[in-house]
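Asks:
Residue numbers (this note's numbering), protein chains in the order written: chain A, 1427 to 1789; chain B, 1427 to 1789.
#1: Between residue 1736 of chain B and chain A, is there a C-beta pair that is closer than 8 Å?
#2: Could you check if residue 1761 of chain B is buried or exposed, using at least 16 other CB atoms within 10 Å of its CB as the buried criterion?
#3: I need the straight-line Cα distance from residue 1488 of chain B to residue 1593 of chain B, nearest angstrom please.
#4: Measuring alpha carbon to alpha carbon, tell me which of B:1607, B:1498, B:1684 and B:1632 ends up nearest residue 1713 of chain B.
#5: Residue 1435 of chain A to residue 1561 of chain A, Cα distance in whole Å?
#6: Would DSSP call residue 1663 of chain B helix, strand or coil?
#7: If you scan the stretch 1644-1688 of chain A from start to end, which runs of the beta strand (DSSP E) of 3 or more residues do you find wholly inside it?
#8: Counting only beta-carbon separations shorter than 8 Å, does residue 1648 of chain B have a partner in chain A?
#9: Run through chain A and tell me which residues come within less than 7 Å of residue 1639 of chain B, C-beta to C-beta.
#10: Which residue's Cα is closest to the Cα of residue 1642 of chain B: A:1781, A:1545 and A:1636?
#11: Are any of the Cβ atoms in chain A nearer than 8 Å to that of residue 1605 of chain B?
#12: In this structure, does DSSP put residue 1577 of chain B in helix, strand or coil?
#13: Give the interface partners of residue 1490 of chain B over in chain A, defined as CB-CB distance under 8 Å, in chain order.
#14: Buried or exposed for residue 1629 of chain A, please, with buried defined as at least 16 other CB atoms from any protein chain shown within 10 angstroms of its CB.
#15: Which one of B:1685, B:1496, B:1650 and B:1587 has the shortest CA to CA distance from residue 1707 of chain B?
#16: Which chain A residues are close to residue 1656 of chain B, counting only those with a beta carbon under 7 Å from its beta carbon?
#17: Quick check on this structure: which residue in B:1474, B:1603 and B:1582 has the alpha carbon closest to the alpha carbon of residue 1566 of chain B?
#18: Could you confirm whether any beta carbon from chain A is found closer than 8 Å to the beta carbon of residue 1635 of chain B?
#19: How about residue 1613 of chain B and residue 1597 of chain B: are their beta carbons less than 8 Å apart?
#20: Starting from residue 1518 of chain A, trace the alpha helix (DSSP H) both ways and give me its first and last residue.
#21: Run through chain A and tell me which residues come within less than 8 Å of residue 1745 of chain B, C-beta to C-beta.
#22: Span of the beta strand (DSSP E) holding residue 1604 of chain A?
#23: Short check: CB of residue 1622 of chain A to CB of residue 1534 of chain A, under 8 Å?
#24: Can you list, in chain order, the residues of the stretch 1613-1634 of chain B whose Cβ is nearer than 8 Å to any Cβ on chain A?
#25: How would you write the range of the beta strand (DSSP E) that residue 1504 of chain A sits in, first residue to last?
#26: Check this for me: beta carbons of residue 1540 of chain B and residue 1758 of chain B, under 8 Å apart or not?
#27: Taking the alpha carbon of residue 1605 of chain A as the point to measure from, which residue in A:1584, A:1619 and A:1556 has its own alpha carbon closest?
#28: How long is the line joining the alpha carbons of residue 1667 of chain A and residue 1679 of chain A, rounded to whole angstroms?
#29: With a CB to CB cut of under 7 Å and the five nearest residues on each side skipped, what residues in its chain are close to residue 1484 of chain B?
#30: Our contact map puts residue 1753 of chain B next to residue 1721 of chain B with C-beta atoms below 8 Å; I'd like the distance itself, whole angstroms only.
#31: Residue 1591 of chain A and residue 1647 of chain A look like a contact to me (Cβ under 8 Å); what is the Cβ gap, rounded to whole Å?
#32: With residue 1434 of chain A as the anchor, note down where its beta strand (DSSP E) starts and where it stops.
#33: For chain A, find out if any of its Cβ atoms is closer than 8 Å to the Cβ of residue 1722 of chain B; answer yes or no.
#34: At least one CB of chain B closer than 8 Å to the CB of residue 1660 of chain A: is that the case?
#35: Alpha carbons only, please: which of A:1542, A:1740 and A:1638 is nearest the one belonging to residue 1785 of chain A?
#36: Can you check which of these residues, B:1497, B:1577, B:1492 and B:1558, is closest to residue 1452 of chain B by C-alpha distance?
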């Protein structure tokens, strides 16, 4: 029986643990907070509702002890906010063994780079593979102490290991349970195609007055208003220019919407109209707290590394930089300093060419 | 009988024309749009309601011919949006005569500098005095084709001419009708104390989703939410640092609120709480159109010259710059290029010391 570890008992982690269990894996579920595990421990598993499957999914090991959680697992699915990746890497570092594959679901931008750097700093001899998914495979929610629901599963999900020569081995470890995963060229491709960095911080920031007020509004359908869509178009164009400068294939947000959800956007006048056509976005509520992860995760783990890579590549990103600055003013912090800047990623003083080599081949 | 010209037949201009008429002036009212003048022309004047005065105010000359409007007036009160100052200067340039005093109500930031430069470019020999008020003296509204109401008159209003050695003469021309005017040290003092640049663009931008939606909300009481107040504090601190670098006396927004409205703010925890105490702000509705003057006037004529002067003075203004950038993305334009940048103001390549001399003494 295949042993798989899931790290993080939030919406995504609990859903993924249950899904893997129902597919015959022996699952270890880890969270650093015992509180998050209590209900599942008591029930011995998770009741899952999901497309074309569901039922009670036994979870063999439910633990806040990372050594126990990692033991004998070939596959480790990290399903935490990206701002926890560094800490998860520190916790895992002493216990990672040769052949283990760590998949970040998702990496946001430069998750695999931060994860590997942090493990190596804490355990220079660690032998393992780290890879990042471009996004979370599921639209899902933890609905109770031992319950979860998966609403939708994306059709395909690019995945890349760091370096890319290990991608095939990472894929092999997950493909049995998740045929949706496909190889991306490298982590630049998965990292630069960070749609959350486009769709999350800016609409949250430009609606922060009504979020402060706890107003009920639909995040996508109302929150991405025409004025805000116009800002998103500029921001997305900066991301696309960065990808071009890095020699990385990417899609515009409009192309991505069509690709992922299969809704034609070719004749949409822009992001506002294209979003209005996505039924999948209907009913998604806006956050009611200005300290939303749409800012606190997607700025430091999305916009900051995008902006920093752009600086390295000589691409100007005034809109991204402005959102980073104002988000920091709202949250009274310095997101560029706290986030995945070039220094934290160990990419300082590297050229675009050197970064390309770094993500491709083993140093 | 003193002849006075009022330029601009909007809320402020119509109120001011009526006020001056009721104080015994012979008033010429100019607007470039005949449509704006029609009702007043037909009525022969303006019905004004105002604190401790009011009644029918005859307007002797109502014209869209600038030559006619300026003829024989010692005092010319410009009461237009700041983005019209350049055009007004071009229109006035051929007809300005020695001894005429032009007062911008208000100049926003660097209004007098732009006005004088534009007149000189169009009529190098023009002899006149230009001065700027720090803000509009009245809280007022044009309520009909020939009606206006003044709700409140500010207690005192700093005024400075360019150069400052002419301020006494400018003051002398207005003080008979408006004892509220007091001499500021120079136009840097009036220009850097631009509260509209603090209070207008940022809350409009960070509420742009609900403004797009045409939502009813109170601009100050709800629009300046805690998160937004936190951004305003950073932005105001940039303005205060700029003033210090220019050697100019200024007030923080909190000090200004106390000074102008007499409401104690010393123990307020910050801008959010201080604004909540200002009864004068209660009931002021937010704009319902994203192309609000709170952005289209206060960004290019307020934040842009503030940010540009800061660059010259070596003061960094990341929050101002971010608001300028995102406001431009919303309005699909480049406000720094269109606005009062150093080039447009003729201040390129000047040092702080040279600018101080320029605003103080005749070149």
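From the three backbone atoms N, C-alpha and C, an ideal C-beta is built for every residue, glycine too.
Replies: Here's the rundown:
#1: no
#2: buried
#3: 29 Å
#4: B:1632
#5: 17 Å
#6: helix
#7: none
#8: yes
#9: 1648 and 1651
#10: A:1636
#11: no
#12: strand
#13: Near residue 1490 of chain B there are no residues of chain A at all, since even the closest Cβ is about 34 Å away, more than 8 Å.
#14: buried
#15: B:1650
#16: 1755, 1756 and 1758
#17: B:1474
#18: yes
#19: no
#20: 1511-1518
#21: 1751, 1752 and 1755
#22: First-last for residue 1604 of chain A: undefined, no H or E at that position.
#23: yes
#24: 1629, 1631, 1632, 1633 and 1634
#25: 1501-1504
#26: no
#27: A:1584
#28: 13 Å
#29: 1447, 1470 and 1471
#30: 5 Å
#31: Between residue 1647 of chain A and residue 1591 of chain A the Cβ distance is about 43 Å, and since that is not below 8 Å, they are no contact.
#32: First-last for residue 1434 of chain A: undefined, no H or E at that position.
#33: no
#34: yes
#35: A:1542
#36: B:1497
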